[in-house]
Each structure stands twice: as C-alpha cells, then as structure tokens.
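Residue numbers for the sequence shown, in UniProt numbering: 1 to 295.
The C-beta atom is built at its ideal place from N, Cα and C for all residues, glycine as well.
Since the model is a prediction, treat every value here as computed from it, not as a measurement.
All remarks here apply to the structure that follows.
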Amino acid sequence: MAAPEPSPPSSQEENKPGFPKKILANNLEDKHLCNSCQKILRRPLQAQCGHRFCSFCFIKTVSSGPQKCSACIEEDLFEEPTSILKLGGAFPDNAARREVEALAALCPNEGCTWTGTVKDFEADHEGNCDFMIIMCLSCKELMRANEQERHNERECPERTLNCKYCKEPFLLKNIKVEKEKIHDHECQCSYEHLNLLLQFIMGIKVSLESLQPQSLEVASKRLQELHQSLRGLELKISKLGGGAAASMQGAITSTLLTSFTPLSSAVAITLELQLQNEKKKVAELSQRCQELELK
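Put into structure tokens, the structure is as follows:
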C-alpha cells in the first residue's frame, strides 16, 4: 500500500530547516534530530524506512528525484524499496511534532533571557529577538536588532540626508561634498520649493473646515512651522538674481486669487485669519521673485 501523501508545507516550512540545537534548555536526544540537517526537527515527516526529517529538508532532498536514505546506509539497514526517499513517500509525524514542540527552550542570543517551549520559540520569539544579530543592508555592518534604528539614523556611513522641502536624498558618506550639493539644490530649486509650500497652505485650508475646537493647538503649531519654512525660503530667494520667477509668479498669483469659503466656528475663523496672514507672506515672497527677475 502506498504511503499517504504529506500535508502541503506552509511557507514557513518551505523556508526553514530544523531549529538550532542550542535552543534546548535540557539534554538533546538523537530522536529529536533531523536525519538530514542534524538540527531539531521542525514539522517532522517520517519516511517509509522510519527515519524522520524536517518537512523542509525532506522536500529539498527529493526535489531532484528519488534518493537513497543516507541514515539507512550508515546504519547498514538499507533495503529497497523502503529505504528510497521520494515525494509522497513520507507522512507527517504529529506525535514526534508534539513531543518536540513541548521541549523546554531558551533563546540562544547573547544577552536575551527569554525562556519557553520550542512551540513558543517558533510562534513568538524566533526572528523577533531584540538581541539577534542582523546585517545593515546598506553598509553590511553586523549589529543587534535593537541597535538598528540608532545605526540607521546616526552611524551608517551609507545613510542619506533629505532635502527638508522636497525630500531629495543626499548621501552622507562625504559630508562636505554633499552639503555643497544640498546648498546648490536648495538654490536651484527654490521656486519649486515655494510651489510645494504653497500647495501645503492650500491643503491646510481644506483641513481647517473639519477641525474641532480642541484641534486649535495642533493647527497653530502647523502654521508656525509653515511660517518658519517661508522665512527660510525668503532668505534663500533674496540671494538669487534672475531665474524663472516670472513663470512661477503666474502660478502663484492664480492660486492666491482662489476664493476661500468662510468658516463658521470661532476657532475656525481664528485659524482662517492666521492662514490669510501666511497667504499674504507668500504673495510678498512672490513679488520679490518678480523684482529679482527685473534686475
């Protein structure tokens, strides 16, 4: 009679061999080991010859065709056809799986104090430990998982600095050269940045209509940040002479002439006045762009 077909492996089974031996808190028995990877059985399958394999390992072994069981050969128990491993020639060993998953386990990563069972380790801790060693994809440096954020923000030599207006990335490997590039970028793209800020102002108008009184503090903070950004652009544009100010002037003037629907609540009216004030500053900035072009 043919052996029953194995259960379809999950994506986890397809990608992982056995558990590392060092996760066991107690002594390891040979019956808990995969006969292929020699690690602790993960989703064990039992072949017709009686030997157990991780689901991943068995499928990998027979993927190119039927194979002789190396464990049978080593034990001098090889016998055809039962010692021939082939797809469909093994079944899930749920009894062995329950036994393995109930074993006491601990985290093998230095500094971690996690303990539980093998089942808990696979479900909750494997791949999620703050103390596991990972590699930075940019600079290839090794670090603990809980150090990754600091490394990415402060230490990685391949990290980038983004333009505060349009988020254009600049590599920080050579900080002096990159700072010059950022300066040139901000000067050359000042009009584009002005347009982005103008779009942001118009977006605030839309959001004001749905603001509740308790949102006053948040809205005021956003307007203050906008004010600071406008001042920064004003300083940069004041240093420029000529350029494409006229083309920008048309777009800016058209946008600023758009009618605004008055808001009903007292809080919204206050915010509307602040918005109008910022709109006036944009108009003044636009006028300066035009004056620069005429010089």
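Exercise. Thinking just about the alpha-carbon of each residue, which of Asp30, Leu28 and Ile40 is nearest to the one in glycine 18?
Worked result: Ile40
Exercise. What residue from Thr117, Ile134 and Asn15 has the CA that sits closest to phenylalanine 56's CA?
Worked result: Asn15
Exercise. Rounded C-beta distance between cysteine 129 and alanine 145? I'm assuming under 8 Å.
Worked result: 7 Å
Exercise. Smallest Cα separation from glutamate 80: which of Gln48, Lys60 and Gly111?
Worked result: Distances from the CA of glutamate 80 to each of Gln48, Lys60 and Gly111 were compared; the closest alpha carbon is that of Gln48.
Exercise. Out of Ala25, Phe53, Lys280 and His151, which has the shortest C-alpha to C-alpha gap to aspartate 93?
Worked result: The residue with the shortest Cα to Cα distance from aspartate 93 is Phe53.
Exercise. Which partner residues does isoleucine 133 have in the DSSP bridge list?
Worked result: Per DSSP, Arg144.
Problem set entry | Residues near isoleucine 133 by beta carbon distance below 6 Å, same chain, minus five either side | Leu142
For this session: Just confirm the distance between the C-beta atoms of threonine 117 and glutamate 101, as a whole number of angstroms; I'd bet it's less than 8 Å.
Result: 6 Å
Problem set entry | Which of helix, strand or coil DSSP assigns to leucine 198 | Residue state, collapsed to three classes: helix.
Problem set entry | Integer Cβ distance of asparagine 35 from alanine 71, believed to fall under 8 Å | Yes, asparagine 35 and alanine 71 are in contact; Cβ-Cβ is about 4 Å, under 8 Å.
Exercise. Per DSSP, cysteine 54 is paired with what?
Worked result: Beta-bridge pairing links cysteine 54 to Pro44.
Problem set entry | DSSP-derived helix/strand/coil call for threonine 113 | coil
Exercise. According to the neighbour-count rule (16 or more other Cβ atoms, all chains shown, within 10 Å of its Cβ), is glycine 242 buried or exposed?
Worked result: Caution applies to glycine 242, whose pLDDT of 44 falls short of 50 and renders its modelled position unreliable; the model cannot decide the point.
Exercise. What separation, rounded to the nearest whole angstrom, lies between the Cα atoms of glycine 89 and glutamate 99?
Worked result: 22 Å
Exercise. What's the gap between the Cα of phenylalanine 131 and the Cα of glutamate 110?
Worked result: About 7 Å.
Problem set entry | Residue nearest to threonine 25 in terms of C-alpha spacing, selected from Leu197, Lys31, Pro108 and Ser138 | The displayed chain sequence assigns alanine, not threonine, to residue 25. The shortest C-alpha separation from alanine 25 is found at Pro108.
Problem set entry | Cα-Cα separation between glutamate 126 and glutamate 158, rounded to whole angstroms | 29 Å
Problem set entry | Reduced DSSP category for alanine 96 - H, G, I as helix; E, B as strand; rest coil | helix
Exercise. Comparing alpha-carbon positions, which option in Ile201, Thr82 and Gln148 lies nearest proline 66?
Worked result: Thr82
Exercise. Relative to the alpha-carbon of alanine 95, which residue among Gln199, Thr113 and Arg43 has its alpha-carbon at the smallest distance?
Worked result: Arg43
Exercise. With distances taken between CB atoms, is the gap from leucine 33 to valine 62 smaller than 8 Å?
Worked result: no
For this session: My understanding is that phenylalanine 58 touches lysine 68, with C-beta atoms under 8 Å, so please give their C-beta distance in whole angstroms.
Result: Wrong, their Cβ atoms sit about 14 Å apart, outside the cutoff.
For this session: Kindly indicate which three-state DSSP category lysine 68 falls into: helix, strand or coil?
Result: strand
Exercise. What residues are listed by DSSP as bridge partners for isoleucine 84?
Worked result: Lys68
Exercise. By Cβ distance below 8 Å, which residues in the same chain neighbour leucine 151 in space, the five residues on each side in sequence not counted?
Worked result: A small correction: the amino acid at residue 151 is histidine; leucine does not occupy that position in the sequence shown. Cys136, Glu141 and Met143, listed in sequence order.
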